[in-house]
Amino acid sequence: MVRLFLVFISPFLFVNCLQAELTDVEVSTIHRIDSNSEIQYELVKGRLLFEVDPDNSYNQYIVDLYLAPLNNNGRVSFAADFELLRPMNPNEGNNILIADILNRGSRRAIRYFNFATNYDSPDGPTNLGDDYLMEHGYSILSIGWQFDVPNNPALLRSYVPVIEMDPTQDNGLVRSDFFVTESTSSHTLGDRGHFAYPVNSLFADQATMTIRELYSNEKTTLPSDQWSFIEDNDETANSILSNEGDLNAVVINGGFQPGFVYEVSYPSHRSAVAGLGLAAIRDGVQAIKNHLYIEEYFDNTPEPMKVIAFGDSQSGRTLRTFLYDGFNYSETGEVVIEGFMIHLGSNARGGFNQRFTQASRAVDRNYDYPAEVFPFSDNFSTNHINGQVDGLLSKYEASDYPKIFFSNSATEYWRSPAYLIHTSSDGEIDLMPLASSRIFQFSGTQHVPSNNFNWSGDQRFSIGNNAKYQWFLRALLQAMNEWITLEI
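Everything in the sequence shown is counted per the working numbering, starting at 1375 for the first residue and increasing by one.
Here's what the structure looks like:
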């Protein structure tokens, strides 16, 4: 079935052969991408429409799914932006799909494997770098999984149901910590331009604000008459979480000052089913790897594609959460992704599937958010504090374990104890990874390689480490390709 609606130079195309989880695909544009590779590529861009069964056991770990409204099929509807870079001639592809797990809505695979810059734009990647992935015939799928990314047309997002809870009830607290680099009169309750949860004004008197100079210092609670909540009038703050008049920012007498950590805890009555973003990755990848998408394109490629998921830092932690929460099983119990390249994920997961989740919050920039939580290793281990036995892959049959590469820079060992992925939780005993996993440390490198070569003036005291580990990632990609396709 093809419905013609002109958008730029391309029609909206709708799928007529879909899995139950993926109900429709809206393609807003298809166009050729300039590349120096002999294999010519095109970009497919649009939106994926999904629905999931809240009674399906494989959806049981999606937090608050039972509170979401149901459609006429008795399912929960949601959607996600997507981009697919693919060879124009499918016979020139290598039948490997890279699931590019976005970092706060931003594309990663082109940046790391192709050494590309200017890879985010409303029209898709404008620079393919040195075309490494294209020369080797990879297809790259990017799916927006995070619902609260900043209002920027270059970023990809998910569209999940908002839960409006009874404001007369205690529905839990939201916590927002922040610091400023210059004095300011007000501050959003969101993180770095991300959407903020509104204050439940009926319980606003339960809110608290604390201040401290260092994270390790004792918190000092500020009297409530020294600060108050306001509506954030910044247009970029508008979100599905906020209605006109909602309180989603804070002011303080005398303004916020540099050199302090401020922390606000407050009640809210509006959240979102954020875990459906992980379901979007699961169900979008599952459908496209099996060519259940504009099927005439795949007439000459009947075999399902193999999938390698790549994520870095925040999106590396997303993949660790994806695995731990059981999302690598489809609604029908099939393994979705064969290989995982979890880069810079350290030992951590994140707030990607919970009520009042704030997916942008980072391990070092923010404090006490759900990131470095047991279990840390893929193999089963014992929590030395409470005796819990668990592992990242505890929800899977051993025969369904995916192949995994864990890679970290030196930063992850200094900043967040990455050693916990290969030691006991007390750091006393070495742990062997599962036979399906490998662990790599890019020794002497920093979190993101620096491009700063300016050795003049005061900047010479803050020169970053420009050792580029992307070469290692290319080697690991080739190794993962061979591991999941040839078992070598």
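Using N, Cα and C, we set each Cβ at its ideal position, and we do this for glycine too. Remember, it's a predicted structure, so these values are computed and weren't measured experimentally.
- Contact check for arginine 1729 against serine 1790 fails: the beta carbons are separated by 7 Å or more.
- Going by C-alpha positions, alanine 1733 is about 24 Å away from threonine 1491.
- In chain order, Phe1452, Phe1521, Ala1646, Val1647, Ala1648, Leu1650, Gly1651 place their CB closer than 7 Å to the CB of valine 1534, counting only its own chain and leaving out the 5 sequence neighbours on each side.
- Taking a 10 Å sphere around the C-beta of glutamate 1457, we find 16 or more other C-beta atoms and assign the residue as buried.
- DSSP places asparagine 1782 in the strand class (E or B) of the three-state scheme.
- Under the three-state reduction of DSSP, arginine 1566 is assigned to coil, being neither helix nor strand.
- Contact check for glycine 1725 against tyrosine 1698 fails: the beta carbons are separated by 7 Å or more.
- For a cut-off of 8 Å, the C-beta gap from leucine 1530 to methionine 1715 is around 19 Å, too long to register as a contact.
- Non-local beta-carbon contacts of serine 1516 in its own chain, meaning distances under 7 Å to residues more than five positions away in sequence, involve Phe1456, Glu1457, Asp1474, Leu1476, Arg1481, Leu1530 in chain order.
- Taken in chain order, the complete beta strand (DSSP E) segments of 3 residues or longer contained in the stretch 1768 to 1824 are 1777 to 1783, 1811 to 1816.
- With a threshold of 16 other beta carbon atoms within 10 Å, tryptophan 1845 falls short and is exposed.
- In this structure, glycine 1761 lies away from asparagine 1753, with their beta-carbon atoms at least 7 Å apart.
- Under the three-state reduction of DSSP, leucine 1423 is assigned to strand.
- Runs of the beta strand (DSSP E) lying entirely within the stretch 1639 to 1667 and spanning at least 3 residues, in chain order: 1644 to 1646.
- Residue state for leucine 1396 is assigned as strand, using DSSP reduced to three classes.
- Between the stretch 1705 to 1714 and the stretch 1676 to 1689 there are three or more inter-stretch CB-CB distances shorter than 8 Å, so the stretches are counted as touching.
- CA-CA distance, alanine 1578 to serine 1590, rounds to 27 Å.
- Here the C-alpha atom of glutamate 1395 lies approximately 11 Å from the C-alpha atom of valine 1659.
- Residue range 1680 to 1686 is occupied by the beta strand (DSSP E) that includes alanine 1683.
- Cβ contact annotation for arginine 1848 (same chain, cutoff 7 Å, sequence separation greater than five): Phe1487, Tyr1506, in chain order.
- Excluding the 5 residues flanking it on each side, glutamate 1466 has same chain C-beta neighbours closer than 7 Å at Ile1413, Gly1511, in chain order.
- Excluding five sequence positions before and after glycine 1420, the CB atoms of its chain that fall closer than 7 Å to its own CB belong to Val1399, Glu1400, Val1401, Ser1402, Phe1456, given in chain order.
- With a 10 Å radius around the Cβ and a threshold of 16 neighbouring Cβ atoms, alanine 1809 comes out exposed.
- An exposed status is given to alanine 1772, since fewer than 16 other beta-carbon atoms sit within 10 Å of its beta-carbon.
- If you draw a straight line from the Cα of glycine 1700 to the Cα of aspartate 1429, it comes to about 15 Å.
- Asparagine 1525 places its beta carbon 7 Å or farther from that of leucine 1563.
- Comparing alpha carbon positions, the residue from Asn1447, Gly1838, Asp1686 closest to glutamate 1425 is Asn1447.
- In the three-state reduction of the DSSP assignment, methionine 1715 falls in the strand class, which pools E and B.
- Within the stretch 1431 to 1471, no run of alpha helix (DSSP H) at least 4 residues long lies entirely inside it.
- Excluding sequence positions up to five before and after glutamate 1556, its CB lies within less than 7 Å of the CB of Pro1632, all in the same chain and listed in chain order.
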